[in-house]
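Here's the structure, in structure tokens; my notes come after.
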Ligand code: DAS
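Numbering (mature numbering (1 follows the signal peptide of the UniProt record, and there is no 0)), first residue to last: -23 to -1, 1 to 330.
Here is the structure:
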């Protein structure tokens, strides 16, 4: 009897002692996947010569003591790779881990540290399939932590601040780089040698300065809790490939992709997603064989492809990618094809997401 009484007292004392240390601090989980933010080089004067995906998540966290003032932070090393090597399987594994964590009452926000090369693809993917309004913030860096004026530390500090913020809820997946907060849908890596690398054609959603978020606009397209897609119901993504349009282009790549089983081909067109007259017959033939043709643009500051402008999309039964760049169009097509093969449904999805 006495033992039980004493053990109860100890339990209450322990909870009182531990709680104040983190009383009121949001719980943020950092999922690390590699990239430059985990990179290391031999020379502080060389910001572009280093090895990506070397520093483990616990060392990244330990390198920013100020995080303890922001949130109760813990890390998980999901992968340790350069992001150009991401596959659909990596996306599914990461998406399912994020989905499991955001369901937990003791998780208030998620940060994903990620290589910058395909960060925009992962951000858009999570924006489409994770059904939660909790902040999910992707972050990377353009310089390794060993370089002078490395940007990763402040980027990660900002990302944790945003993930711990109530005002970041319901805004879709966010990308925190260079003090800016961009939508995971819109943002793309526009420059590969500046810390100001990530831009959205339609502008950032906001900024984070000294740990405070300043919002200027909200996402207009469907995302997260308002999405019809759910990672918990997706076990494989459809094979979708991207072919690049240019002067003197032939139809070899398109035919090769179809032969390898592509369910859709993203045509990266010039201008308004234009298609060379040397390629149109092959695309019409492939459409007839059931392969979806989706016209995007390689205009990188904001391609905007309209139906039946450069090509008779209604007659050919093709889809247009709206303002999505080719790599984001691939993500959306790969997710959409898990639910529909109908081209009119695909076009609705491209207008709405
Ligand atoms: N190779 C790049 C990547 O992992 C490094 C980086 O910029 O993060 O995406």
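All C-beta atoms, glycine included, are put in the ideal place defined by N, C-alpha and C.
Can you tell me whether residue 98 sits near the ligand DAS, meaning its C-beta is under 8 Å from at least one heavy atom of the ligand? In this structure, residue 98 has its CB at a distance of at least 8 Å from all heavy atoms of the ligand DAS.
Any idea what DSSP makes of residue 317, helix, strand or coil? Assigned with DSSP and collapsed to three states, residue 317 falls in coil, not helix or strand.
Pairwise C-alpha distance: residue 112 and residue 83: Near 14 Å, if we compare the C-alpha coordinates of residue 112 and residue 83.
In the DSSP assignment, what residue or residues form a beta bridge with residue 227? The bridge partners DSSP lists for residue 227 come to none.
Under the criterion of a Cβ to heavy atom distance below 8 Å, does residue 125 qualify as lining the ligand DAS? Residue 125 Cβ: outside cutoff for every heavy atom of the ligand DAS.
How many angstroms separate the CA atom of residue -3 from the CA atom of residue 139? With a pLDDT of 42 at residue -3, under the threshold of 50, the modelled position of that residue is not reliable, and no figure is offered here.
Give me the Cα-Cα distance between residue 245 and residue 39, rounded to the nearest whole angstrom. Straight-line Cα distance between these residues: approximately 43 Å.
Who are the near neighbours of residue 72 in its chain, counting only those whose CB is closer than 7 Å to its CB and skipping five residues on each side? Excluding the 5 residues flanking it on each side, residue 72 has same chain C-beta neighbours closer than 7 Å at 102, 103, 106, 107, 208, in chain order.
Using DSSP with H/G/I as helix, E/B as strand and the rest coil, what is residue 38? Helix.
Go ahead and label residue 181 buried or exposed: buried means 16 or more other beta carbons lie within 10 angstroms of its beta carbon, across all protein chains shown. Counting every other CB atom within 10 Å of its CB across the protein chains shown gives residue 181 a total of 16 or more, marking it as buried.
Taking the straight line between their C-alpha atoms, what separation do you get for residue 280 and residue 272? If you take the alpha carbons of residue 280 and residue 272, they lie about 11 Å apart.
Apply the 10 Å Cβ neighbour rule to residue 93 and answer buried if 16 or more other Cβ atoms are within range, or exposed otherwise. Buried, by the Cβ-count rule.
By how many angstroms is the C-alpha of residue 311 removed from the C-alpha of residue 301? When only Cα atoms are considered, residue 301 and residue 311 end up about 14 Å apart.
Return the CA-CA distance between residue 14 and residue 286, expressed in angstroms with no decimal places. One C-alpha to the other measures close to 42 Å.
Nearest-angstrom Cα separation, counted from residue 177 out to residue 227: Approximately 31 Å, taken between the alpha carbons.
Looking only at its chain, what residues have a beta carbon closer than 7 Å to the beta carbon of residue 110, apart from the 5 residues adjacent to it on each side? Scanning its chain for C-beta atoms nearer than 7 Å, with the 5 sequence neighbours on each side dropped, one finds around residue 110 the residues 146, 147, 201, 202, in chain order.
Would you say residue 332 and residue 214 are within 9 Å of each other, going by their C-beta atoms? Here the chain has residues from -23 to 330 only, and residue 332 is not among them.
If you count every other CB in all the chains shown that lies within 10 Å of the CB of residue 12, and 16 or more means buried, which is it? The residue is buried, with at least 16 neighbouring Cβ atoms inside 10 Å.
Might you give, ordered along the chain, the residues of its own chain that have their beta carbon closer than 6 Å to the beta carbon of residue 235, omitting 5 neighbours on each side? Taken in chain order, the residues that qualify are 263, 268.
Report all residues for which the CB-ligand distance to some heavy atom of the ligand DAS is below 7 Å; order them along the chain. Any heavy atom of the ligand DAS within less than 7 Å of a residue's beta carbon puts that residue on the list, which reads 11, 12, 13, 14, 16, 29, 30, 59, 60, 61, 92, 93, 94, 95, 96, 117, 118, 119.
Which residues share a DSSP beta bridge with residue 274? According to DSSP, which records beta bridges pairwise, residue 274 is partnered with 246.
Going by DSSP, what residue range makes up the alpha helix (DSSP H) through residue 102? Taken as a continuous stretch (DSSP letters only), the alpha helix (DSSP H) holding residue 102 covers 96 to 106.
Residue 51 lies in the beta strand (DSSP E); which residues open and close that run? Where residue 51 is concerned, the enclosing beta strand (DSSP E) stretches over 49 to 58.
Checking 9 Å against the spacing of the C-beta atoms, do residue 21 and residue 153 come in under that value? Judged by beta-carbon spacing, residue 153 lies beyond the 9 Å limit of residue 21, meaning their Cβ atoms are not closer than that value.
Just to confirm my understanding: we take residue 68, look at its own chain, exclude 5 residues before and 5 after, and list those with CB closer than 6 Å. What are they? Once the five neighbours on either side are set aside, the close Cβ partners of residue 68 are 102.
Please state whether the Cβ-Cβ distance between residue 254 and residue 283 is less than 9 Å. No; because the gap between Cβ atoms is not below 9 Å, this pair is not in contact.
Taking all protein chains shown into account, do 16 or more other C-beta atoms lie within 10 angstroms of the C-beta of residue 258, making it buried, or fewer, making it exposed? The residue is exposed, with fewer than 16 neighbouring Cβ atoms inside 10 Å.
Three-way DSSP call (helix, strand, coil) for residue 145 in this model: Three-state DSSP puts residue 145 in a helix.
Could you say which of 304, 91, 55, 62 lies nearest to residue 78 if we only look at CA atoms? For the residues 304, 91, 55, 62, the minimum Cα distance to residue 78 belongs to 55.
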